[in-house]
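Colleague: With my numbering applied, the sequence shown closes on residue 282, and no number is skipped along the way.
Here a beta-carbon is modelled for each residue, glycine too, at the ideal position from N, C-alpha and C.
Quick caveat: nothing in here was measured; it's all calculated off a predicted structure.
Take a look at this one; I'll ask things after.
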Amino acid sequence: MDLKISGLFKYIEHLHGNRSWGSFLDAGTGVKSMQWLSTLNTERWTAVTASPGMAENAKQAYPKPLRANDRIVVGNWVDPKLLAGETFDTVLVDYFIGAIDGFAPYWQDLAFERLRPHVTGRMYITAVEPYVPVVEKDECGRYIGDVGRFRDAMLLLVGHRPYREYPSDWMARALKRAGFNPVEGRRFPIRYGERFIHSQLGMCRDRLHLVQDERLRAGLLSQIEALEAQGRALLERHNSIPYGFDYVIAAEPV
Ligand SMILES: C[S@@+](CC[C@H](N)C(=O)[O-])C[C@H]1O[C@@H](n2cnc3c(N)ncnc32)[C@H](O)[C@@H]1O
């Protein structure tokens, strides 16, 4: 299988240097982090998700047989019994904080405190700087924000919970409060492509049937189509749509 490892994960490898990966915890797993994990020289790994569907996808994405002590655990970090007493040399928090609202609403402020006893070596956080509330003037930023706001409005409308992303300075404050030292980090400019438009607007299309009012449903569909067309036109002009930042923070227990 040809694995495409993101620049963020490559940067984490660079930050990790000659340290051993040892026992590894993927605190909020998924397809991408599992694929990366398969390329690392770990002693054993545990990957956690609150979603049984995500556990299945992650398992499918892992291109090797699992070793005796590798495991995917379906559980919620709000449960104090989850991995109680277990520690890990390396912990990955990959787009996890932003997803918490879907599984443990209003609990983000306690997440690092909850993870702290499990970390003996290094913890790496990846996330996206929030872009939804911003209304930019330039056409690329404006478009990405329009898609994000439309997606979140649509999710709320049908009673689902959108993600809530947090900026890097919030993350640094939360880490310090929970007994971590943020030691290094970097921001990475994002270039959005076809996949972003397809996945975000696809998420909206998949939920159209949950909208009861027929006229509203028709209006939402035409807005989805308009945003798809606008996205295609932007991609023709720009090749990919540059806007906003992902970031990585490396942290160590104090
Ligand atoms: C956006 S996905 C992470 C992306 C993933 N690392 C990848 O490579 O695609 C967020 C993950 O965090 C998990 N998650 C969010 N809140 C959680 C919680 N309270 N307890 C356990 N897992 C949680 C979700 O179930 C999901 O597996």
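If you run the structure through DSSP and keep just helix, strand and coil, what is residue 144?
Modeller: It is helical.
Colleague: Using only the heavy atoms of ligand 1, determine whether one of them is closer than 7 Å to the beta carbon of residue 48.
Modeller: For ligand 1, not one heavy atom lies less than 7 Å from the Cβ of residue 48.
Colleague: Nearest to residue 126 by alpha carbon, out of 159, 215, 47, 147?
Modeller: Nearest option by C-alpha distance: 159.
Colleague: Is the CB-CB distance between residue 104 and residue 132 below 8 Å?
Modeller: Going by C-beta atoms, residue 104 is nearer than 8 Å to residue 132.
Colleague: Could you work out which residue in 130, 141, 149, 110 is closest to residue 116 when comparing CA atoms only?
Modeller: The candidate whose alpha carbon is nearest that of residue 116 is 149.
Colleague: Where does residue 149 fall in DSSP's three states?
Modeller: In the structure shown, residue 149 sits in a strand (DSSP, three-state: E or B).
Colleague: Under DSSP, the alpha helix (DSSP H) around residue 64 begins and ends at which residues?
Modeller: Element bounds for residue 64: 59 to 65.
Colleague: Does the segment 251 to 258 come within contact of the segment 137 to 151, defined as at least 3 CB pairs closer than 8 Å?
Modeller: No, they do not touch.
Colleague: Looking at the secondary structure, which residues open and close the beta strand (DSSP E) in which residue 274 lies?
Modeller: Segment 269 to 281, the beta strand (DSSP E) holding residue 274.
Colleague: Can you tell me whether residue 55 is helix, strand or coil according to DSSP?
Modeller: Three-state result, residue 55: coil.
Colleague: Using DSSP's beta-bridge definition, name the partner residues of residue 203.
Modeller: Per DSSP, none; premise fails for residue 203.
Colleague: Using the Cβ count rule (16 or more neighbours within 10 Å means buried), how would you classify residue 33?
Modeller: Exposed, since its Cβ has fewer than 16 Cβ neighbours within 10 Å.
Colleague: Would the beta-carbon of residue 216 be found less than 7 Å away from any heavy atom of ligand 1?
Modeller: No, Cβ of residue 216 sits at least 7 Å from all heavy atoms of ligand 1.
Colleague: Considering only the beta carbon of each residue, do residue 262 and residue 252 sit closer than 8 Å?
Modeller: No; because the gap between Cβ atoms is not below 8 Å, this pair is not in contact.
Colleague: Cα-Cα, which of 57, 65, 73 is closest to residue 37?
Modeller: The shortest Cα separation from residue 37 among 57, 65, 73 belongs to 65.
Colleague: Let me confirm a value: residue 136 is counted as buried when at least 16 other C-beta atoms fall within 10 Å, else exposed. Which label applies?
Modeller: When all chains shown are included, residue 136 counts as buried.
Colleague: Collect the residues with a C-beta less than 6 Å away from any heavy atom of ligand 1 and give them in sequence order along the chain.
Modeller: This criterion selects 56, 57, 58, 59, 60, 61, 76, 77, 78, 79, 82, 104, 105, 106, 122, 123, 124, 127, 128, 131, 132.
Colleague: At a Cβ threshold of 8 Å, is residue 54 touching chain C?
Modeller: Among the chains in the structure shown there is no chain C, since it carries only a single protein chain.
Colleague: Once you ignore the five residues that flank residue 156 on each side, which residues in its own chain have a CB closer than 8 Å to its CB?
Modeller: Closer than 8 Å at Cβ, skipping near neighbours: 123, 126, 193, 218, 272, 273, 274, 275.
Colleague: Helix, strand or coil: how does DSSP classify residue 177 here?
Modeller: Residue state, collapsed to three classes: helix.
Colleague: Does the distance from the C-beta atom of residue 175 to that of residue 240 stay below 8 Å?
Modeller: No.
Colleague: Let me confirm a value: residue 112 is counted as buried when at least 16 other C-beta atoms fall within 10 Å, else exposed. Which label applies?
Modeller: Exposed: under 16 other Cβ atoms inside 10 Å.
Colleague: On the premise that residue 186 lies in contact with residue 238, defined as a C-beta separation below 8 Å, what is that separation, rounded to the nearest angstrom?
Modeller: That pair is a contact at about 4 Å.
Colleague: Whole angstroms are fine: how far does the CA of residue 140 sit from the CA of residue 99?
Modeller: One C-alpha to the other measures close to 22 Å.
Colleague: On a Cα-Cα basis, can you pick out the residue from 144, 134, 79 that is closest to residue 286?
Modeller: Absent from the structure is residue 286, since the part of the chain shown begins at 29 and ends at 282.
Colleague: My guess is that residue 46 and residue 72 are in contact by the Cβ rule of under 8 Å, so how many angstroms apart are they, rounded?
Modeller: About 20 Å separates the two Cβ atoms, so there is no contact after all.
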